[in-house]
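J.:
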Amino acid sequence: MESTISIAIQKSGRLSEKSLDLIRSCGIDVNADSRVLKASASGFPLDFLFVRDDDIPQYVADGVADIGIVGRNEYDESGISLSVVRDLKFASCRLSIAVPHGFVYKDLSSLEGKRIATSYPRILSDVLNKNGVNAQIVVVSGSVEITVDVGIADAIADLVSTGTTLKMNGLEEVECIYRSSAVMIARSDMSDEKRVLLNRLLERIDAVMLARHQKYILFNLPSDKLEEAAAIIGGMKSPTVTPLMDKNWVSVQSAVDENRFWAVFEELRRLGAEGILVMNIEKMTE
Ligand code: PRT
Ligand code: ZN
Numbered sequence: 009m010e011s012t013i014s015i016a017i018q019k020s021g022r023l024s025e026k027s028l029d030l031i032r033s034c035g036i037d038v039n040a041d042s043r044v045l046k047a048s049a050s051g052f053p054l055d056f057l058f059v060r061d062d063d064i065p066q067y068v069a070d071g072v073a074d075i076g077i078v079g080r081n082e083y084d085e086s087g088i089s090l091s092v093v094r095d096l097k098f099a100s101c102r103l104s105i106a107v108p109h110g111f112v113y114k115d116l117s118s119l120e121g122k123r124i125a126t127s128y129p130r131i132l133s134d135v136l137n138k139n140g141v142n143a144q145i146v147v148v149s150g151s152v153e154i155t156v157d158v159g160i161a162d163a164i165a166d167l168v169s170t171g172t173t174l175k176m177n178g179l180e181e182v183e184c185i186y187r188s189s190a191v192m193i194a195r196s197d198m199s200d201e202k203r204v205l206l207n208r209l210l211e212r213i214d215a216v217m218l219a220r221h222q223k224y225i226l227f228n229l230p231s232d233k234l235e236e237a238a239a240i241i242g243g244m245k246s247p248t249v250t251p252l253m254d255k256n257w258v259s260v261q262s263a264v265d266e267n268r269f270w271a272v273f274e275e276l277r278r279l280g281a282e283g284i285l286v287m288n289i290e291k292m293t294e
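As numbered in my numbering, residues 9 to 294 make up the sequence shown, in order.
Put into structure tokens, the structure is as follows:
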């Protein structure tokens with residue numbers, strides 16, 4: 009029988025859609041509409057398990073699934089030891105200390121002797137210990153932002169992305185103590201067959217992730233500006249250059265890092281580039 013690997017994905021929440029999008033961009037199709045517990049894919053020997061994110065590290069540790077996609081915060085908080093095989097860079101957030109107005113916060117030592125509510129006691133106590141701060145951790149499983157108001161905590165440590173929730177609850181974010189994003193976790197003791205499949209999957213994921221941060225750019229350029237243009241584009245080995253009928257002009261194409269795109273665009277215009285065409289890249293390798 010052909011080997012398959014199984015992946016645990018959050019059933020419904022902040023990670024679900026992006027996890028499925030990433031897998032689908034790898035040419036793997038799964039019918040997750042019904043959101044049943046289990047599903048198989050077409051295009052790759054992959055089985056899906058849709059579960060609560062809190063359970064994903066344990067399922068992977070127990071071999072219920074071979075790999076999983078989960079927030080780094082959930083993984084670290086679980087205390088379970090697995091391999092983190094990729095940082096998938098989505099669902100980024102930070103675990104921050106927030107205090108009510110009137111709380112004079114200087115640094116972590118300001119929390120000495122205070123009650124801090126959090127859903128991440130392991131990560132928080134780790135940070136407090138490292139900084140030699142003694143505080144009482146109040147563990148709550150949700151709505152951390154209301155704990156100060158209801159009088160069970162003096163400060164909180166909660167996940168933040170935009171900061172709106174804190175503001176709406178009259179809290180001020182004073183220090184980021186930990187950063188998180190979605191990661192792919194895997195058991196370390198996988199069979200050789202499964203490891204081969206995981207590596208194939210990772211190769212596809214890398215190609216998709218690399219492409220997401222690049223644009224493909226194509227333009228015509230006066231031939232004598234080629235050296236300068238190549239220096240501006242940089243990064244890749246060299247741009248591809250095609251001669252045009254008019255010997256004074258060439259057509260140039262290259263991938264450009266998205267972060268540098270507008271700077272490159274403006275510099276190329278300055279060199280006299282014309283007919284600049286920009287395209288999204290779907291997949292790409294180094
Ligand atoms: O039901 P299940 O247990 O599967 O889901 P869940 O409710 O435990 O998790 P979910 O879907 O809310 O979050 C899944 C993962 O998304 C988390 O473990 C994080 O890794 C990541 N993530 C990214 C976030 C946020 N951003 C985030 N902003 N998780 C939670 N929040 C919450 C935060 O707790 C706070 O209540 O959003 C609020 C703050 O948001 P802002 O934008 O107002 O700052
Ligand atoms: Zn959860």
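All residues carry an ideal CB built from backbone N, CA and C; glycine is no exception.
For Glu183, which residues does DSSP report across the bridge?
T.: Ile105
J.: Helix or strand or just coil, what does DSSP make of Lys138?
T.: DSSP places Lys138 in helix when its eight states are reduced to three.
J.: How would you label Ile160, buried or exposed, when you count the other beta carbons within 10 angstroms and need 16 or more for buried?
T.: exposed
J.: What I want to know is whether the C-beta of Thr173 ends up closer than 7 Å to one or more non-hydrogen atoms of the ligand PRT.
T.: yes
J.: Pick out whichever of Asp157, Asp232 and Phe98 has its Cα sitting closest to the Cα of Asp254.
T.: Asp232
J.: List the DSSP bridge partners of Gly76.
T.: Ala16 and Ile193
J.: Does any heavy atom of the ligand ZN sit closer than 7 Å to the C-beta of Asp214?
T.: no
J.: By DSSP, does Lys233 sit in helix, in strand, or in coil?
T.: helix
J.: Closest to Leu174 by CA distance: which of Ala106, Ile225, Pro129 and Ile64 is it?
T.: Ala106
J.: Kindly give me the distance between the Cβ atoms of Val104 and Asp166, rounded to whole angstroms, as I take these residues to be in contact under 8 Å.
T.: It should be noted that the sequence gives Ser, not Val, for residue 104. The pair is a contact, with the Cβ atoms about 7 Å apart (cut-off 8 Å).
J.: Any heavy atom of the ligand ZN within a distance shorter than 7 Å of the CB on Arg22?
T.: no
J.: Classify Ala271 as buried or exposed, calling it buried when 16 or more other Cβ atoms lie within 10 Å of its own Cβ.
T.: Ala271 should be labelled exposed.
J.: Around the C-beta of Ser151, are 16 or more other C-beta atoms found within 10 angstroms, so that it is buried, or is it exposed?
T.: exposed
J.: Who are the near neighbours of Val182 in its chain, counting only those whose CB is closer than 7 Å to its CB and skipping five residues on each side?
T.: Ile105, Ala106, Val107 and Tyr113
J.: Among Val141, Ile131 and Glu25, whose alpha-carbon lies nearest the alpha-carbon of Ala190?
T.: Glu25
J.: Relative to the alpha-carbon of His109, which residue among Arg102, Glu282, Val59 and Asp162 has its alpha-carbon at the smallest distance?
T.: Comparing Cα positions, the closest option is Asp162.
J.: Note down, in chain order, each residue of its chain lying with its Cβ closer than 8 Å to the Cβ of Leu90, except the 5 sequence neighbours on either side.
T.: Pro65, Val68, Ala69, Tyr83, Ile193, Ala194, Arg195 and Ser196
J.: For Val135, collect the residues of the same chain with a Cβ closer than 6 Å to its Cβ; drop the 5 residues on either side in sequence, then sort them by chain order.
T.: Ile185
J.: Answer yes or no: the CB of Asp61 versus the heavy atoms of the ligand ZN, is any distance below 7 Å?
T.: Checking every heavy atom of the ligand ZN against the Cβ of Asp61, one is found closer than 7 Å.
J.: Taking the Cβ atom as the reference point for each residue, do Ser307 and Ile241 lie within a distance shorter than 8 Å?
T.: For residue 307 there is no data in the structure shown, the boundaries of the chain being 9 and 294.
J.: For the ligand PRT, is there a heavy atom less than 7 Å away from the beta-carbon of Val168?
T.: yes
J.: Which residue comes first and which comes last in the beta strand (DSSP E) that contains Pro251?
T.: Thr248 to Pro251
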